[in-house]
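Colleague: Using numbering that gives the first Met the number 0, read the sequence shown as starting at 0 and increasing by one per residue.
Cβ atoms here follow ideal geometry from the backbone N, Cα and C, with glycine treated the same way.
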Amino acid sequence: MFHHTLKQHEKQSNRMLLLIPFILAKEFVVILDAGFTSTKLNIYTFSDMIIVSSYTKFYHPGMHELELHEIKEMIERMLDDAHKFVVENGGVVCSTRIALVATEGLRSLEKRNVDEILGCIRTLIDRSGFVGGRNPVSVMDGVFEGLYAYEALVYLLFLRDNKNVLQRQMANRYDIGSYDVGSGINDGMKGKEDNADGKILMNSSVMSTSNETENSNKWQKNRTTAEMKPNRKNGTREVNNIKMSDRITRGQHSFKGANERKVPTNEAGGLKSTDESEFDTITYLKTQSNKKNLAKAKNNGQAEQHTVLHKHIAANKLSLGIIEMGGGSMQIAFSTNINNKYQLFIHSFHDLGLIKGRNKLHSLNVLDHCKDLNKKCVRYFRTHFNLHEFSRIAPLDSVHKFYLLSFFYDRLSEYRPIHKFSDIISIYRTHCAEPSKNCDDLEYMILVLKGIGLKNSAVVEIGRMIDDKNLSWGLAKALEMLIG
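(1) For the beta strand (DSSP E) containing Met324, name the first residue and the last one.
(2) Going by C-alpha distance, which of Arg133, Leu395, Lys370, Phe384 is nearest Val458?
(3) Taking Val29 and Phe129 to be in contact with their CB atoms under 8 Å, please state how far apart those CB atoms are, rounded to whole angstroms.
(4) Would you call Val87 buried or exposed, if buried means 16 or more other Cβ atoms sit within 10 Å of its Cβ?
(5) Could you tell me whether the region 27-45 touches the region 326-335, using the rule of 3 or more Cβ pairs below 8 Å?
(6) Taking the alpha carbon of Lys419 as the point to measure from, which residue in Leu403, Arg391, Met464, Ala432 has its own alpha carbon closest?
(7) Which stretch, first to last residue, makes up the alpha helix (DSSP H) that contains Lys359?
(8) Report the partner residues of Thr55 according to the DSSP bridge assignment.
(9) Could you give the C-beta distance for Ile49 and Ile120, rounded to a whole number, given that I count them as a contact under 8 Å?
(10) Roughly how many whole angstroms lie between the Cα atoms of Phe27 and Phe84?
(11) Just to check my reading of the structure: Leu386 and Ile321 have Cβ atoms closer than 8 Å, yes? What is that Cβ distance to the nearest angstrom?
(12) Where does Leu474 fall in DSSP's three states?
(13) Would you report the Cα separation of Val138 and Lys110, rounded to the nearest angstrom?
(14) Can you tell me which residues form a DSSP beta bridge with Arg96?
(15) Kindly indicate the opening and closing residues of the alpha helix (DSSP H) around Glu460.
(16) Should Arg463 and Leu453 be called a contact, given that it needs their Cβ atoms to be closer than 8 Å?
(17) Answer with buried or exposed for Phe143, where buried requires no fewer than 16 other C-beta atoms within 10 angstroms of its C-beta.
(18) Per the contact definition of three or more C-beta pairs closer than 8 Å, is the region 348-357 in contact with the region 426-437?
(19) My output table needs one value for Phe35: the three-state DSSP class, helix, strand or coil.
(20) Mind checking which residues open and close the beta strand (DSSP E) that includes Val138?
(21) Can you round the beta-carbon distance between Leu372 and Tyr443 to whole angstroms, since I take them to be within the 8 Å contact cut?
(22) Measure from the alpha carbon of Val92 to the alpha carbon of each residue in Val100, Ala81, Thr102, then state which is nearest.
(23) Would you kindly work out how many angstroms separate the C-alpha atoms of Arg126 and Asp140, rounded to a whole number?
(24) Taking just the CA atoms, how far does Ala98 sit from Glu479?
(25) Taking the C-alpha atoms as reference points, what is the distance between Asp467 and Gly131?
(26) Determine the burial state of Thr335: buried for a count of at least 16 other Cβ atoms within 10 Å of its Cβ, exposed for fewer.
(27) Does DSSP put Asn402 in a helix, a strand or coil?
(28) Could you pull the start and end residues of the alpha helix (DSSP H) that His68 belongs to?
(29) On the CB-based measure, 16 or more other CB atoms within 10 Å of its CB, does Leu375 come out buried or exposed?
(30) Within the same chain, show all residues whose beta-carbon is closer than 8 Å to that of Ser412, passing over the 5 residues directly before and after it, in chain order.
(31) Check the C-beta distance from Ala101 over to Trp472 and give it rounded, since I have them as a contact under 8 Å.
(32) From which residue to which residue does the beta strand (DSSP E) around Lys340 run?
(33) Determine the closest residue to Ile70 out of Lys56, Asn41, Leu105, with distance taken between C-alpha atoms.
(34) Tell me, to the nearest whole angstrom, how far the beta carbon of Leu441 is from that of Tyr43; I am working on the premise that it is less than 8 Å.
(35) Determine the direct distance from the alpha carbon of Glu433 to that of Phe401, and round the result to whole angstroms.
(36) Starting from Phe382 and walking both ways along the alpha helix (DSSP H), at which residues does that stretch end?
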């Protein structure tokens with residue numbers, strides 16, 4: 000009996016010893032998200048880069064509705080709450096990373112006002128005891144908001160328990176370029192074809208297979224598209240023949256395109272389209288492990304590291320996406336599997352957020368005349384928000400499942416089950432036969448999804464959490480800060 004008890008005690012002790020590294024490795028990352036309707040305090044707890052828990056608290060209203068002294072008071076409360084949370088959960092404030100990333104809450108303000116607000120917040124963060132890092136405050140473009148949200152989805156679905164793959168994924172990132180799908184392409188556009196690297200080429204004329212490379216080069220020069228390529232020989236990367244240092248942190252660099260015109264950057268230094276209106280842009284990100292890079296790696300005796308997109312989604316023949324509807328803007332990011340070529344598309348719609356977009360339609364008295372969701376209303380919606388080219392070109396039909404986030408969850412979580420877009424339409428028709436709560440919001444959301452070209456048969460999932468972990472762009476940003 001004694002021997003058995005001793006053995007049991009020994010097993011428990013060994014189990015505790017195995018857990019000690021995880022307990023000691025507990026790390027916290029604080030992300031302050033300055034959105035349109037609120038500023039959110041997100042605190043992520045990691046153990047050896049595995050997400051343990053996520054905590055979110057909302058502070059209303061959005062910063063753009065507040066005076067500077069009110070913003071200061073709100074940030075002070077948020078920092079106090081973050082300090083309390085970290086300490087109460089066994090963390091150390093002086094080793095906890097923090098960043099404020101403004102999204103639609105500050106994007107619409109004048110630069111002078113934004114600089115003043117960010118300067119004030121940076122001072123508060125510097126005094127807080129948290130670790131601010133290189134960029135403790137920034138304004139993030141919607142394109143990157145979509146990218147981070149997509150990366151958070153991939154992490155929660157595939158990577159939480161795979162530290163090695165995660166590190167490679169965060170290090171590899173993506174090559175980036177912007178494609179016009181609006182004013183830059185005339186109505187005579189007849190087609191789009193793939194080139195050898197899986198890039199979708201769009202031009203005003205049909206391109207033959209034999210002439211794709213030449214047309215691609217011409218197209219890139221015309222569109223000022225920048226493409227980053229690894230150059231292992233000299234430790235630099237070439238950006239359309241412009242050399243840069245090897246370490247490129249996404250969102251913190253600018254460069255010139257093939258025609259030597261500088262590509263505009265956002266407040267955080269991130270890439271933006273050469274067009275002023277991002278409604279006329281699809282941003283496409285090409286994974287580094289394409290066929291050419293794989294061939295080079297084999298010749299050099301190096302094993303090219305596949306990104307998560309290839310390693311997991313490709314293996315399962317899946318194409319996944321997120322559509323995140325905030326109060327001011329909406330982001331879409333999705334991977335595609337077309338002829339075994341895996342691509343990632345991202346687009347930000349800066350006026351399609353629930354509050355902004357719905358209020359616009361209310362002012363035009365549109366929603367009252369579109370209760371039946373007729374085709375005429377959908378056409379009007381596409382015209383008003385300049386969505387015709389996007390709905391025509393974006394390959395949404397190839398996506399296996401879309402995760403609908405943020406306001407989609409807030410308005411639809413009480414209705415079950417929802418498996419397809421058609422279920423949302425049925426819910427609207429059933430519950431809104433007579434005016435009732437949230438009907439205008441549901442009508443607007445359906446018009447948005449129809450407007451961007453989503454089919455009724457599209458598979459969707461409404462959610463905010465995956466296994467009790469918050470699915471938002473902040474998670475991927477926290478991982479990026481954690482890995483450095």
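Modeller: The short version:
(1) 319-324
(2) Leu395
(3) 6 Å
(4) The sequence as given places Glu at residue 87; Val does not occur at that position. That one is exposed.
(5) yes
(6) Leu403
(7) 353-362
(8) Asn41
(9) 30 Å between Cβ atoms; not a contact.
(10) 10 Å
(11) In fact, because the Cβ distance is near 18 Å, the residues do not count as touching under 8 Å.
(12) helix
(13) 10 Å
(14) Val28, Val130
(15) No alpha helix (DSSP H) contains Glu460, which is instead part of the beta strand (DSSP E) from 459-461.
(16) no
(17) buried
(18) no
(19) coil
(20) 136-138
(21) About 11 Å separates the two Cβ atoms, so there is no contact after all.
(22) Ala81
(23) 27 Å
(24) 11 Å
(25) 27 Å
(26) buried
(27) Note that residue 402 corresponds to Tyr in the displayed sequence, not to Asn. Here Tyr402 sits in strand by DSSP.
(28) 67-87
(29) Position check: residue 375 holds Lys in this sequence, whereas Leu was assumed. Flag for Lys375 reads exposed.
(30) Ile461, Arg463
(31) With 8 Å as the limit, Ala101 and Trp472 do not qualify as a contact, their Cβ atoms being about 12 Å apart.
(32) 340-348
(33) Leu105
(34) With a Cβ gap of about 31 Å, Leu441 and Tyr43 do not count as contacting.
(35) 29 Å
(36) One point to set straight first is that residue 382 is Thr, not Phe, in the sequence displayed. Note, Thr382: alpha helix (DSSP H), 374-383.
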